[in-house]
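First comes the structure, then the notes that go with it.
In this note's numbering, the protein residues as written are 14 to 245.
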């Protein structure tokens, strides 16, 4: 498995954020960064740089989280509590559903970037849920290309077994490969499972209880082949 935090060929901040969403999305980014680096001492400057936020915003957020005993400085001290706090954050996102039988085969040869989450991603790393739906994040500017690709492969538009999601390209931070498929970061999978509700919350709890075995902050950088696959 290979992970990547900063894409070298294409910026994870390539699309301008909608007006009025900057603060919420940047807070979302900070949660993702903190929970992807639970055993790493990040500086506030580094967090601000990764989140493309002002240091004052980082300081205020960390101060609030520290008062709730979720972090100490920049280090996470309550993983479960911080995951739950992140799951309560609501950031506007877009989605579109499709019905396509062979979606996993389609993803093997796709020339667009994606990262799996919820059911399909959980099945690959935790093996508890039946993958009844394939949710994948795509880049904000890639929806039309994805729509055309799926429709050309025979997908029906509307409720189905495939859901495209997009809102911020930083969702690809610390994504990783499993059997040739790219997944979002482990904390992102957990938070998405919590937000999904129902039986997926049980899977989220299982992954949280084994958090340090799931989250590997010192994973190697992507190989050249991985970069090429993720950025074409």
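Think of the CB as a built atom: it goes at the ideal place given N, C-alpha and C, for glycine as much as any other residue.
- Looking at 157, 223, 69, the one whose alpha-carbon comes closest to that of residue 177 is 157.
- One alpha carbon belongs to residue 104, the other to residue 41, and they sit about 8 Å apart.
- When DSSP reads this structure, residue 147 sits in a beta bridge with 175.
- Taking the Cα of residue 205 as reference, the smallest distance to any Cα among 152, 154, 193, 132 is reached at 132.
- Taking 8 Å as the cut-off, the beta carbon of residue 166 is found no closer than this to the beta carbon of residue 216.
- Of the candidates 168, 71, 224, 54, 71 places its Cα closest to the Cα of residue 44.
- Counting of Cβ neighbours within 10 angstroms places residue 107 among the exposed residues, the total staying below 16.
- Taking the Cα positions, residue 169 is about 21 Å away from residue 126.
- Note on geometry: alpha-carbon atoms of residue 98 and residue 202 lie some 15 Å from one another.
- In the structure shown, residue 186 adopts coil according to DSSP, grouped into three states.
- Distance between residue 220 and residue 186, taken at the CA atoms: about 19 Å.
- Segment contact: the segment 47 to 58 against the segment 85 to 95, three or more CB-CB distances shorter than 8 Å; contact assigned.
- If you draw a straight line from the Cα of residue 83 to the Cα of residue 210, it comes to about 23 Å.
- CA-CA distance, residue 129 to residue 175, rounds to 11 Å.
- Only residues of its own chain outside the window of five on either side were considered, and among them 85, 86 have a CB closer than 8 Å to the CB of residue 79, listed in chain order.
- When only Cα atoms are considered, residue 68 and residue 198 end up about 24 Å apart.
- Secondary structure note for residue 79: its alpha helix (DSSP H) is the uninterrupted segment 68 to 80.
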